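Student: First residue of the sequence shown: 7, per my numbering; consecutive thereafter.
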Amino acid sequence: MADDPGLSPVHRIISTFSRAVEALGLGVPPLFIEKWAVAVHQALSSRAREFHTHQHVLDLVRGADAIETLAALYHDIVYVQVDLDVPSHYAGLLQPLVARDSSTPHGWRLLPHTEEDPTARDVMHVFGRKAGEVLTPFTGLNELASGFVAAKELEGVLSREQLIAVVTCIEASIPFRDGEAVALRDRLTTLGLQAEEIGVMVRRATRLSNNDVGNFADPDPARFLDNTWKLLPETNPSLHAPTTYSIKDYRVALMKMERFLSALPPSRVFHTWGGEPSQQEHEHRIAAAARNIDIAVRYMRCKLYSSSLLEALALESGGDVPLPYFLGGVPDGSGVPMKRLEQFLPAPEPTKEGTLDGIMRGLLLGGRTTSSSFDIAPSPVADFLYVALGEERLLLGFKQAQRMWDGVISPREFLSIQPLDQLEVLAWAVAEMAPTRAIALVELMKLL
Numbered sequence: 007m008a009d010d011p012g013l014s015p016v017h018r019i020i021s022t023f024s025r026a027v028e029a030l031g032l033g034v035p036p037l038f039i040e041k042w043a044v045a046v047h048q049a050l051s052s053r054a055r056e057f058h059t060h061q062h063v064l065d066l067v068r069g070a071d072a073i074e075t076l077a078a079l080y081h082d083i084v085y086v087q088v089d090l091d092v093p094s095h096y097a098g099l100l101q102p103l104v105a106r107d108s109s110t111p112h113g114w115r116l117l118p119h120t121e122e123d124p125t126a127r128d129v130m131h132v133f134g135r136k137a138g139e140v141l142t143p144f145t146g147l148n149e150l151a152s153g154f155v156a157a158k159e160l161e162g163v164l165s166r167e168q169l170i171a172v173v174t175c176i177e178a179s180i181p182f183r184d185g186e187a188v189a190l191r192d193r194l195t196t197l198g199l200q201a202e203e204i205g206v207m208v209r210r211a212t213r214l215s216n217n218d219v220g221n222f223a224d225p226d227p228a229r230f231l232d233n234t235w236k237l238l239p240e241t242n243p244s245l246h247a248p249t250t251y252s253i254k255d256y257r258v259a260l261m262k263m264e265r266f267l268s269a270l271p272p273s274r275v276f277h278t279w280g281g282e283p284s285q286q287e288h289e290h291r292i293a294a295a296a297r298n299i300d301i302a303v304r305y306m307r308c309k310l311y312s313s314s315l316l317e318a319l320a321l322e323s324g325g326d327v328p329l330p331y332f333l334g335g336v337p338d339g340s341g342v343p344m345k346r347l348e349q350f351l352p353a354p355e356p357t358k359e360g361t362l363d364g365i366m367r368g369l370l371l372g373g374r375t376t377s378s379s380f381d382i383a384p385s386p387v388a389d390f391l392y393v394a395l396g397e398e399r400l401l402l403g404f405k406q407a408q409r410m411w412d413g414v415i416s417p418r419e420f421l422s423i424q425p426l427d428q429l430e431v432l433a434w435a436v437a438e439m440a441p442t443r444a445i446a447l448v449e450l451m452k453l454l
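1) Say the cut is 7 Å; is the CB of A353 nearer than that to a heavy atom of the ligand NAD?
2) Suppose contacts are defined by Cβ-Cβ distances below 8 Å. Is E122 in contact with G153 by that definition?
3) Which one of Y251, V448, G220 has the shortest CA to CA distance from V275?
4) Assuming R106 is part of the beta strand (DSSP E), what are its boundary residues?
5) Using only alpha-carbon positions, find the residue among S21, P283, E287 that is nearest to F38.
6) Got a sec? Which residues, its chain only, sit under 7 Å from T196 by beta carbon, not counting five neighbours each side?
7) Assign Q101 to one of two classes, buried (16 or more other C-beta atoms within 10 Å of its C-beta) or exposed (fewer than that).
8) Can you tell me where the beta strand (DSSP E) with W42 in it begins and where it stops?
9) Hey, V155 and Y256 are a contact pair by Cβ (cut 8 Å); roughly how many whole angstroms apart?
10) Do S312 and L391 come within 8 Å of each other at the CB atom, strictly closer than that value?
11) Mapping the DSSP letters down to three states, classify S273 as helix, strand or coil.
12) Does the Cβ-Cβ distance between A137 and I83 come in under 8 Å?
13) Using DSSP bridges, identify the partner residues of W114.
14) Using a Cβ-Cβ cut-off of 8 Å (strictly less than) and excluding sequence neighbours within five positions of P225, which residues of its own chain qualify?
15) With the cut-off set at 8 Å, would you say L150 and E161 are in Cβ contact?
16) Using a threshold of 8 Å, state whether the C-beta atoms of T212 and L194 are closer than that.
17) On a CA-only basis, which of A394, A318, A435, W434 is nearest Q406? Give me that one, please.
18) Pull up the DSSP beta-bridge partners for G334, would you.
19) Thinking C-alpha only, which one of P124, V129, L103, A126 is nearest L117?
20) With E355 as the anchor, note down where its alpha helix (DSSP H) starts and where it stops.
21) Tell me, to the nearest whole angstrom, how far the beta carbon of M147 is from that of V86; I am working on the premise that it is less than 8 Å.
22) Residues in the same chain with beta-carbon distance under 6 Å from Y331, minus the five sequence neighbours each way, listed in chain order, please.
23) Could you give the distance in angstroms between the alpha-carbon of A394 and the alpha-carbon of R374?
24) DSSP state of S252, grouped into three classes?
25) Would you call the region 12-32 and the region 45-61 touching, i.e. three or more CB-CB distances under 8 Å?
26) Between L316, E203, L447, I299, which lies nearest to I253 when the distance is taken from Cα to Cα?
27) Would L347 and V448 qualify as a contact pair, given that the criterion is a beta-carbon distance under 8 Å?
28) Between the alpha carbons of A353 and S244, how many angstroms are there, rounded?
29) Relative to the alpha-carbon of E159, which residue among Q408, R183, V129 has its alpha-carbon at the smallest distance?
30) Would you list the residues sitting across from W279 in a DSSP beta bridge?
31) Going by DSSP in three states, L164 sits in which element: helix, strand or coil?
32) In or out: D381 buried (at least 16 other Cβ within 10 Å) or exposed?
33) Does DSSP put P124 in a helix, a strand or coil?
34) What are the boundary residues of the alpha helix (DSSP H) that H58 is part of?
35) On the CB-based measure, 16 or more other CB atoms within 10 Å of its CB, does I19 come out buried or exposed?
36) Would you say W279 and A223 are within 8 Å of each other, going by their C-beta atoms?
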């Protein structure tokens with residue numbers, strides 16, 4: 007549905023709700039719409055969110071029909087691992103349906119009322135869940151709870167079939183699964199719906215689920231990485247404090263994302279059902295996802311190698327420190343120049359071994375589309391090493407760093423098998439940035 011970017015986020019959410027309700031021919035009083043929309047807006051405005059915000063939702067409603075729009079508005083409102091709880095506006099609604107379960111880390115139990123309340127029972131059928139099950143954010147908890155909220159808030163306004171259609175879209179937004187459309191269709195069949203109606207629901211849900219992860223098919227790898235970087239603080243709370251997170255905190259955040267993406271088959275990103283989308287478009291999206299995943303994994307491994315050198319230098323010179331102490335601060339927009347480690351790095355001499363990938367060099371040197379709340383867009387240290395050593399040597403260094411992180415080799419052993427010329431340059435630059443480590447770094451380099 008159309009959207010006016012000139013309005014504030016809360017105006018846009020209210021306007022989007024109003025258009026969806028009007029398109030369905032529902033006579034809903036304006037203050038009801040305002041109440042729904044303000045609650046959704048507040049849930050999406052959590053300070054811990056950087057990707058799953060109102061803007062992501064408003065991007066999803068472009069070109070969407072009314073049912074898909076309502077589903078998009080509600081599909082991300084519960085995000086317990088980021089918000090640390092259900093949104094306060096929906097706590098009372100969810101209290102009879104889900105409760106924390108201490109037997110499972112991050113677990114929430116589905117309460118008996120989920121099968122006693124007719125609307126909640128329909129939601130459970132769509133999701134294929136039963137009372138007593140324990141879910142986590144990684145097994146569909148967020149989407150199910152969001153589905154409960156959407157269905158319970160809109161019951162009495164939407165018909166049963168319309169509520170099921172909205173919840174079907176929300177269920178389909180659980181990402182990175184294989185063959186779920188068939189199972190979803192089969193579950194809808196048990197709800198007494200007509201085959202044609204079910205087909206429309208599953209096609210619509212497939213469209214929303216594909217659009218929800220549409221950035222994987224972005225033709226610009228820098229934009230794809232930009233969105234990936236927005237996800238990092240959502241799953242790594244330490245990054246919410248950009249001046250205090252440690253070198254290890256940063257490395258762990260990147261490492262978790264690298265492990266996830268490197269294990270993600272592109273075929274699980276996008277889906278097709280009943281001609282939605284066309285086979286040609288589906289194949290194009292899968293190919294684009296494969297390309298972006300490959301680039302992102304290599305990019306992260308280059309950055310992980312550069313951060314592993316900093317981490318090892320820190321551990322061998324006195325212990326882990328806030329990353330900005332070694333790298334310098336993230337510019338705050340005041341225009342005051344920041345002292346940064348890259349200012350003490352010479353222009354690298356290109357490696358004579360192998361070739362440099364132009365796209366990768368552009369990402370490391372030019373950066374992602376924007377700087378994030380915790381990191382600048384370019385990667386000057388990784389770029390220095392990439393040019394000086396070549397990608398093949400960086401990726402070998404990444405594998406060696408994994409052995410250090412796993413405790414197989416010590417930080418000093420790791421440093422001892424790295425190219426000495428570049429390591430000395432980096433250690434000197436760190437000494438300039440962190441004068442309290444200068445003497446220890448000089449002594450360390452004598453031992454390598």
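Ideal Cβ positions, reconstructed from N, Cα and C, are used throughout, including at glycine. Quick caveat, the model's predicted, so the values are computed rather than measured.
Tutor: This is what the structure gives:
1) Of the ligands one can find in the structure shown there are none, so the ligand NAD has no counterpart to examine.
2) With contacts defined as CB atoms closer than 8 Å, E122 and G153 fail to qualify as a contacting pair.
3) Nearest option by C-alpha distance: G220.
4) 104-107 is the span of the beta strand (DSSP E), which, as asked, contains R106.
5) Nearest C-alpha to F38: S21.
6) Excluding positions up to five away in sequence, the list reads H131.
7) In summary, Q101 is exposed, with fewer than 16 beta-carbon neighbours lying within 10 Å of its beta-carbon over all protein chains present.
8) W42 -> not in any beta strand (DSSP E); alpha helix (DSSP H) instead, spanning 36-50.
9) With a Cβ gap of about 35 Å, V155 and Y256 do not count as contacting.
10) Contact: yes.
11) S273: helix per DSSP, three-state reduction.
12) No, these two residues do not count as a Cβ contact at 8 Å.
13) Paired residue(s): R106, L141.
14) So the qualifying residues of the chain are A294.
15) In terms of Cβ geometry, L150 and E161 do not form a close pair [threshold 8 Å].
16) Cβ distance not < 8 Å, so T212 and L194 don't count as in contact.
17) Comparing C-alpha distances from Q406 to each of A394, A318, A435, W434 shows the shortest one belongs to A318.
18) As computed with DSSP, G334 is found in a beta bridge with R346.
19) Closest by C-alpha distance to L117, out of P124, V129, L103, A126, is L103.
20) For E355, there is no enclosing alpha helix (DSSP H), since its DSSP letter is neither H nor E.
21) As written in the sequence, residue 147 is Leu, which differs from the Met given in the question. Your pair L147 and V86 checks out as a contact, with CB atoms roughly 7 Å apart and the cut at 8 Å.
22) Once the five neighbours on either side are set aside, the close Cβ partners of Y331 are A440.
23) Roughly 21 Å between the two C-alpha positions.
24) In the structure shown, S252 sits in a strand (DSSP, three-state: E or B).
25) Short answer: they touch.
26) Ranking the options by Cα distance to I253, first place goes to L316.
27) Between L347 and V448, the C-beta spacing is not below 8 Å.
28) If you take the alpha carbons of A353 and S244, they lie about 33 Å apart.
29) Out of Q408, R183, V129, V129 has the C-alpha closest to the C-alpha of E159.
30) When DSSP reads this structure, W279 sits in a beta bridge with E282.
31) In the three-state reduction of the DSSP assignment, L164 falls in the strand class.
32) So D381 counts as buried.
33) Three-state DSSP puts P124 in a helix.
34) Here H58 belongs to no alpha helix (DSSP H), and DSSP marks it neither H nor E.
35) When all chains shown are included, I19 counts as buried.
36) The beta carbons of W279 and A223 sit no closer together than 8 Å.
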